[in-house]
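Below you'll find the structure, written out as structure tokens, and then a few comments.
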Amino acid sequence: MTAPDLSIVTPVFNEQDSLAPFFDHLLPCLHALGKSFEVIAVDDGSSDDSSAILEALAARIPELTVVTFRRNFGQTAALMAGIDHSRGAVIVTLDSDMQNDPADIGALLDKLDEGFDVVSGWRKSRKDAAIRRNMVSRVANRLISKVTGVHLHDYGCTLKAYRREVLTGARLYGEMHRFIPIYAAQIGAKVTEIPVTHHARQFGASKYGLERIFKVILDLMVVSFLSRFFARPMYIFGGFGLVSLVVSLFCFIWMLALKIGWGVSMILTPLPVLVSMTFLVGIMGLLMGLLAEVLVRTYFESQDRKSYVVSRVTPPRE
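Here's what the structure looks like:
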């Protein structure tokens with residue numbers, strides 16, 4: 051089958067009331083673009099009638115493919131499944147709860163045509179709870195931008211457009227769907243954002259609570275580590291080990307100085323224990339760094355992957 055120009059990926063979880071109006075709005079917007087398209091709806095183990103409604107919609111919408119999970123695996127897994135089942139040269143993700151506006155898809159594609167690889171939606175006028183959602187989101191977005199160096203106002207907006215090549219080989223876990231632009235930037239993709247429309251929720255309730263703050267912080271630590279030290283883990287483990295050994299040496303010298311210069315017994319101070327602990331931690335850090343280096347090399351060679359990404363070769367080689 052000929053691959054379409056555009057793949058729309060939308061995760062679904064207990065959205066039985068919003069699905070019909072969502073597709074009634076989505077399809078005219080896509081037809082108006084004048085591009086061939088497909089829609090991949092991923093039912094993330096819904097416990098309501100979402101699955102049956104999607105099956106009925108797929109029977110009358112030839113462009114719609116429904117991927118159904120056996121249980122709820124989370125939004126990241128749903129988006130990853132949709133991307134895996136898509137065939138389009140451009141992939142657009144958006145929520146099916148009617149808060150993202152499909153009319154903004156055209157603006158995302160126009161921005162891609164300017165030479166960008168990833169265009170992220172920015173819910174500049176977000177219609178959510180002021181403190182529980184909006185304020186927390188602003189703090190999280192500033193923290194993510196500061197740590198990763200990829201400056202976006204709204205990482206949590208699902209409405210995004212990607213060129214397929216920047217997602218090739220990407221594997222997402224946990225709650226890391228919001229960090230896809232960071233993965234793309236790591237391989238040299240050009241990332242930008244544009245303001246998009248955001249509607250107040252009409253149906254159902256939000257699936258996110260304040261517990262997502264802790265998930266975002268933990269995932270941010272993983273992303274930060276992978277972006278900086280994945281191909282050279284010895285730098286962080288070995289660096290920590292060397293610092294610990296230096297602290298151990300300093301404590302040992304200070305312990306001897308107290309004994310020789312002031313006659314203070316070693317056992318009267320915590321320095322012997324501190325010297326032993328920091329020395330062992332330092333050795334363990336170095337050994338963990340070596341082990342991590344072996345694992346990284348095994349990963350690249352077993353997967354036949356490179357530690358670099360080529361944009362183009364000039365002139366082209368056959």
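51 is the number of the first residue of the sequence shown in the working numbering; add one for each residue after it.
Positions of the beta carbon are idealized from the N, C-alpha and C atoms, including for glycine.
Closest Cα partner of residue i within the set the options
| i | options | result |
| --- | --- | --- |
| Asp99 | Phe63, Arg120 and Gly124 | Phe63 |
| Leu202 | Glu215, Arg213, Ser187 and Arg214 | Ser187 |
| Ala153 | Glu65, Val241, Pro283 and Leu80 | Leu80 |
| Leu69 | Leu56, Ala82, Ala108 and Thr52 | Ala108 |
| Ile133 | Cys301, Ile237 and Arg214 | Arg214 |
| Gly156 | Pro231, Val296, Thr319 and Leu56 | Leu56 |
| Gly219 | Lys210, Gln236 and Ala211 | Gln236 |
| Ile141 | Met148, Ala131 and Gln149 | Ala131 |
| Thr60 | Ser136, Thr52, Arg278 and Ala82 | Ser136 |
| Gly224 | Lys210, Ile267 and Val216 | Ile267 |
| Arg278 | Gly291, Ile232 and Val241 | Ile232 |
| Arg121 | Gly199, Phe87, Leu104 and Ser96 | Ser96 |
| Phe290 | Met226, Gln252 and Leu336 | Leu336 |
| Val246 | Tyr358, Ser352, Phe119 and Asp151 | Asp151 |
| Leu341 | Ala82, Met284 and Gln353 | Met284 |
| Glu113 | Pro320, Ala102 and Ile58 | Ile58 |
| Leu104 | Ala127, Pro78, Leu83 and Asp67 | Asp67 |
| Ile244 | Phe229, Arg221 and Asp160 | Asp160 |
| Lys265 | Phe229, Glu65, Leu318 and Lys356 | Phe229 |
| Arg221 | Ala102, Met185, Lys196 and Ala127 | Ala127 |
| Ile286 | Thr242, Glu343 and Trp312 | Glu343 |
Check whether residue i and residue j have beta carbons under 8 Å apart
| i | j | result |
| --- | --- | --- |
| Ser146 | Ala91 | yes |
| Ser170 | Asp204 | yes |
| Ile310 | Ala190 | no |
| Met305 | Pro322 | yes |
| Phe123 | Asp94 | yes |
| Asp354 | Lys240 | no |
| Gly238 | Gly288 | no |
| His248 | Gln125 | no |
| Val363 | Ala281 | no |
| Thr38 | Leu162 | In this structure the chain extends from 51 to 368, so residue 38 is not present and cannot be described. |
Assigned secondary structure, residue i (DSSP; H/G/I helix, E/B strand, else coil)
| i | result |
| --- | --- |
| Tyr212 | strand |
| Val186 | helix |
| Val200 | coil |
| Thr60 | strand |
| Glu65 | coil |
| Thr328 | helix |
| Val359 | coil |
| Ala70 | helix |
| Pro322 | helix |
| Leu83 | coil |
| Ala342 | helix |
| Thr348 | helix |
| Gly206 | coil |
| Arg192 | helix |
| Pro366 | coil |
| Pro283 | coil |
| Pro54 | coil |
Other residues of its chain near residue i: CB distance less than 7 Å, five sequence neighbours each side excluded
| i | result |
| --- | --- |
| Ile194 | Tyr205 and Leu270 |
| Ser298 | Val325, Thr328, Phe329 and Gly332 |
| Phe302 | Val325 |
| Pro54 | Ser86, Phe87, Glu88, Arg137 and Gly138 |
| Thr198 | Ile232, Val273, Ser274 and Ser277 |
| Val216 | Asp167, Val168, Ala234, Ile237 and Ala239 |
| Val359 | Ile237 and Gly238 |
| His227 | Gln125, Thr126 and Leu129 |
Residues of its chain near residue i, where Cβ-Cβ distance is below 6 Å and the 5 sequence neighbours each way are ignored
| i | result |
| --- | --- |
| Cys207 | Gly171 and Arg173 |
| Ala250 | Lys177 |
| Leu158 | Val169 and Ala211 |
| Val117 | Val92, Ala131 and His135 |
| Val293 | none |
| Phe119 | Asp94 and Gly95 |
Own chain residues within Cβ distance below 8 Å of residue i, not counting five before or after
| i | result |
| --- | --- |
| Glu164 | none |
| Val314 | Leu308 |
| Ser361 | Gly238 |
In chain order, which continuous runs of the alpha helix (DSSP H) of length 4 or greater are located wholly inside the stretch 87-175?
100-110, 125-135 and 155-162
In chain order, what are the residue ranges of uninterrupted beta strand (DSSP E) at least 3 long that sit wholly in the stretch 215-279?
241-245
Completely contained beta strand (DSSP E) runs for the stretch 286-315, where each covers 3 or more residues
Contiguous beta strand (DSSP E) elements confined to the stretch 286-315 do not occur, taking only those with 3 or more residues.
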